[in-house]
Amino acid sequence: MSSPHLPEPAVVFDLDATLVDSEPNYYEAARRLLAEHGVPGFTWAEHLGFIGIGVHETLAALRDRYGIEAPVGELVAGQGALYLELARTSTEVFPQMRKFVERLHLDGVAMAVASGSSRAAIEAVLAGTGLDACLTTYVSAEEVAHGKPEPDVFLEAARRLGAAPTRCVVLEDSAPGAAAAHAAGMRCIAIPYVAATAGDPAFEAAGLLFPGGQGEFTAQAAYDWLFPEAGARPAPARRDPSS
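Numbering (the numbering used here), first residue to last: 309 to 551.
The following block contains the structure:
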C-alpha cells in the first residue's frame, strides 16, 4: 500500500462540511435559536462566515453581534438540542468521502474525526450515517482548550491514535481548519465547502487542494496522493478540474 520508505499516514477528518453535509442543519438550528432570542432573519450568507469555527466561538460572536443576554453556555446547549433533532435523521454523507473512508478502513489505516461540534453531535452523526463502523476515534472541540484555528483538536486526535503529528494527514473544508492543521504540523487535503474561499492564504499550505470542493473531490485522487508510487514523498499539488 504505502511506500516502505515513508511511515504510513494516519488520517484525521473534519466532520461538518468535510465528511457530511451538515451545514444546512447547523444553519437551521442557529436560525431557530436566534429567533427564540429575538433575532429573526439570520441568513445562510451570515452562517457561511462561521464555517470552520467551533460552536462555542460562533455563538459567542453572535451573542456579541446581536446583544443577546443569555450566557454562551445556554446558547450552546440550546443550539445543540436543536441540531441533534436534525442530525439524527437528515445528515448526508458526501458519496466520495464515504468511499474514501471505507477504502482506508479496509486497508487498516488509522483514522479519527476531529471536529468543532459537540461530542454528542459527532456521535449522532456518525451513528446516523453508519460511519461509526469505520470511525471509532473522535475528538470534539469541547474536549480541548481551544477550537480551530488553534491546533488543539488535531493534536489530541493524533495523541489518541498514537501517531506523531508529522504522520497525520488532515482532510478539511475550511480555512480555519486548514490553518489548524498547518499549526499542528500536519499535512492537509483541502476541499473547500465554499468554493469562493479556495484562494484563501490558509489553503496555500495544503498538500492537495480541490478548488472545486466536493464536486471535484474523488476518493481515488486522494488515495493516490496519500499513497504515492515509487516511494517519493508527494509534492504539493493542485487538482486541475480539466484534467
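Cβ coordinates follow ideal geometry from the N, Cα and C atoms, glycine included. Quick caveat, the model's predicted, so the values are computed rather than measured.
About 16 Å separates the CB atoms of Ala368 and Phe350; that is not less than 8 Å, and the two are not in contact.
For Leu439 and Glu464, the gap between their C-alpha atoms comes out near 20 Å. DSSP places Phe321 in the uninterrupted beta strand (DSSP E) bounded by 318–321. CA-CA distance, Leu390 to Thr445, rounds to 25 Å.
With distances taken between CA atoms, Val347 lies nearest to Leu383 out of Glu316, Leu383, Ala466. Bridge partners of Ser448 according to DSSP: Ser423.
Under the DSSP assignment, Glu524 falls outside any beta strand (DSSP E); it carries neither an H nor an E label. Restricting attention to Val478, Ile376, Gly357, the CA atom closest to the CA of Leu327 is found in Val478.
Cβ-Cβ distances below 6 Å link Ala449 to Gly362, Gly424, Gly455, Val461 in the same chain, with the five nearest sequence neighbours on each side left out; the list follows chain order. Residue pairing from DSSP leaves Ile430 without any beta-bridge partner.
Counting the other CB atoms within 10 Å of its CB gives Glu480 a total of 16 or more, which places it among the buried residues. The C-alpha of Pro519 lies about 31 Å from the C-alpha of Gly388. Note on Pro379: under 16 other CB atoms within 10 angstroms of its CB, so exposed under the neighbour-count rule. When DSSP states are grouped into helix, strand and coil, Leu516 belongs to the strand group.
In this structure, the alpha-carbon of Asp415 lies about 29 Å from that of Glu512. DSSP, reduced to helix, strand and coil, places Ala529 within a helical segment of the structure shown. In the three-state reduction of the DSSP assignment, Val477 falls in the strand class. About 6 Å separates the Cβ atoms of Val417 and Val319, confirming a contact at the 8 Å cut-off. The three-state secondary structure of Ala472, taken from DSSP, is coil.
Shown here, Val384 sits in a helix according to DSSP, grouped into three states.
DSSP places Arg396 in the coil class of the three-state scheme, outside both helix and strand.
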